[in-house]
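Residue numbers (the numbering used here): 444 to 560. To start, the structure under review is shown below, and the notes come after it.
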Amino acid sequence: MAKATEQKQNSPLTMEETKLDIRDVITTTYDEDNSHGGRRNDVAMVMLRAMCMAVSAVSLLLMVTARETSMTTLYGFEFQLHAVWSLSDSLIYLVVVTSATVIYSVLQLVLSGTRLM
């Protein structure tokens with residue numbers, strides 16, 4: 444054991460332990476002087492939020508209005524099968540989540556738009 448401590452002390456490679464404080468690492472300030480294209484970034488943010496809202500609304504509209512009908516034959520009898528989104532629990536969940544996404548996107552778009560003005 445004594446040899447191990449001697450080798451540690453005589454080792455040419457010694458590493459210092461450094462401690463970082465989170466206040467030293469994060470130096471972001473949001474003053475008037477620190478505007479790195481602020482208006483341009485805000486316009487881009489509003490455009491992205493508008494596109495997100497539009498895509499979510501289109502996907503919701505397509506899921507709710509989609510209907511599928513097909514014919515199948517079983518032992519010589521023809522059956523007409525109907526498929527809509529309300530027949531599947533997973534699709535009901537998807538419609539509800541997409542509706543929440545549309546509502547959240549509209550809310551964020553309004554907040555970002557008022558902040559931009």
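Ideal Cβ positions, reconstructed from N, Cα and C, are used throughout, including at glycine. Every value quoted in this text rests on a predicted model; they were computed, and no experiment measured them.
- Per DSSP, the beta bridge partners of A526 are E511.
- Straight through space, the alpha carbons of V498 and N484 are spaced by roughly 21 Å.
- Residues of the same chain with a CB within less than 7 Å of the CB of M560, apart from the 5 flanking positions on each side, do not exist.
- L517 is bridged by DSSP to F520.
- Taking C-alpha positions only, G481 is separated from L524 by approximately 55 Å.
- Distance from the CA of T544 to the CA of Y518, rounded to the nearest whole angstrom, comes to 45 Å.
- Under a 10 Å Cβ-count criterion, S548 is classified as buried, with 16 or more other Cβ atoms of the shown protein chains found around its own Cβ.
- Here T461 carries a coil assignment [DSSP, helix/strand/coil].
- The alpha-carbon separation between V539 and E521 amounts to approximately 34 Å.
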